[in-house]
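See structure below.
In this note's numbering, the protein residues as written are -19 to 372.
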């Protein structure tokens, strides 16, 4: 009887953990979709903008851009840990199957590129392969790797280079001209033109941009941090875990204040160009990490400690279907804004795009709520899970 009670308690805790994580993922997905709608899905063509449009753009991007993807990346690392841990409890080594799972994710990313040249799934798939050797590493090793990635080593190199050689130029991987290919396809092309542009230029554009702007190292760092959070069971309401999030939020406020003050007061225009660009990327990445930590800690505490749990739980259904959500926003968003569909980029300013994003997210909520009330996983999640566990 005692064992049965303990098992039931453990199952209840695990259910709570999944719920809060799904809510966090849903929060990130909604934020990502709204930002993508503002951007016209990586298609920066807008009608004449009003001051309100510009203020809305600045506000949304300041509060959400990079931070939503950071939450998504953090939870990706957490999911990696959970999958390996669950397999380990069954006496299995999940690393080879996880590699296969990442190859499948890369395939989903290629499908996404048919509709949306700003896909991140391919990037996550490649970085997911890189963390496989760390699955069984000691906690201290993971902390060291996360710390090295956190300082943005590429930016450190270019800062030092710029200080030594003031005329040195910032990193340029030479992918800039490819934006014109995507822009032309979105503005004037057919669906096949958009698909061709996405499949032929999407990968170099996305990887190049991520490397040049510190996003690649930050994403990999967040994968590792997510694994550590999973090991420490910090998304479960037990022991002193909630105190951890209070301390994390306090540290985040301090880091945010320091980085924000530096970003506002440093004379970047008086620095060598190589130094100014890399220092700006580095400080912005740290500020975004602080804001992401505050969001995650705040939502986790509100979920467990306040009456807002029910409201936050509304996001669970969206979080459970994140792959389906992401593909849907690419397909429907492309249809709304690109020339091959409704072509609303010609009339949709930032305010209209924001409203369209909200309307899409509301519709997505009802779809996800309907689906998850009847099925365990979303349609694409089910296909991905079945393919993951196929006999190799």
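Cβ coordinates follow ideal geometry from the N, Cα and C atoms, glycine included.
Between residue 33 and residue 331, the CB-CB gap stays under 9 Å.
In the structure shown, the three-state DSSP call for residue 333 is helix. Ranked by how close their Cα comes to the Cα of residue 166, the residues 7, 359, 310, 346 have 310 in first place. When only Cα atoms are considered, residue 136 and residue 67 end up about 38 Å apart.
Here the C-alpha atom of residue 158 lies approximately 14 Å from the C-alpha atom of residue 93.
If only uninterrupted alpha helix (DSSP H) runs of at least 4 residues are considered, those enclosed by the stretch 326 to 370 are 330 to 352, 359 to 368.
Look at residue 96 here: in three-state DSSP terms it is coil, with no helix or strand label. In this structure, residue 200 sits away from residue 303, with a CB-CB distance that is not shorter than 9 Å.
The shortest CA-to-CA distance from residue 162 to any of 12, 353, 23 is the one to 23. Under the 10 Å beta carbon count, residue 110 is surrounded by fewer than 16 other beta carbons and is classified as exposed. Looking only at 102, 90, 139, 55, the smallest Cα-Cα distance to residue 258 is reached by 139. With a minimum length of 4 residues, the unbroken runs of alpha helix (DSSP H) contained wholly in the stretch 51 to 121 fall at 75 to 95, 101 to 110. Taking C-alpha positions only, residue 155 is separated from residue 97 by approximately 13 Å.
In this structure, DSSP gives residue 131 a state outside helix and strand, which the three-state scheme calls coil. In the DSSP annotation of this structure, the continuous segment of the alpha helix (DSSP H) that includes residue 311 starts and ends at 302 to 317. For the stretch 198 to 249, the continuous alpha helix (DSSP H) assignments of 4+ residues that do not extend past its boundaries occur at 221 to 245, in sequence order. In the DSSP assignment, residue 184 falls within the alpha helix (DSSP H) that extends over 171 to 192.
Under the criterion of beta carbons closer than 8 Å, residue 12 and residue 42 do not qualify as touching, at roughly 15 Å. Under the DSSP assignment, residue 274 falls in the alpha helix (DSSP H) whose first and last residues are 253 to 285. Counting C-beta pairs with one atom in each stretch, the stretch 63 to 80 and the stretch 14 to 31 have fewer than three that are closer than 8 Å, which means they do not touch. In this structure, residue 288 lies away from residue 295, with their beta-carbon atoms at least 9 Å apart. Judged by DSSP secondary structure, residue 5 falls within the alpha helix (DSSP H) whose first and last residues are -18 to 18.
Residue 240 and residue 18 have their C-alpha atoms some 24 Å from each other. CA-CA distance, residue 319 to residue 336, rounds to 17 Å. Rounded to whole angstroms, the gap between the alpha carbons of residue 204 and residue 175 is 33 Å. In terms of Cα proximity to residue 183, the closest of 284, 353, 198, 153 is 153. When 38, 208, 195, 83 are compared, the shortest CA-CA separation from residue 121 is found for 208. Taking the Cβ atoms as the reference, residue 243 lies roughly 5 Å from residue 263, within the contact range of under 8 Å.
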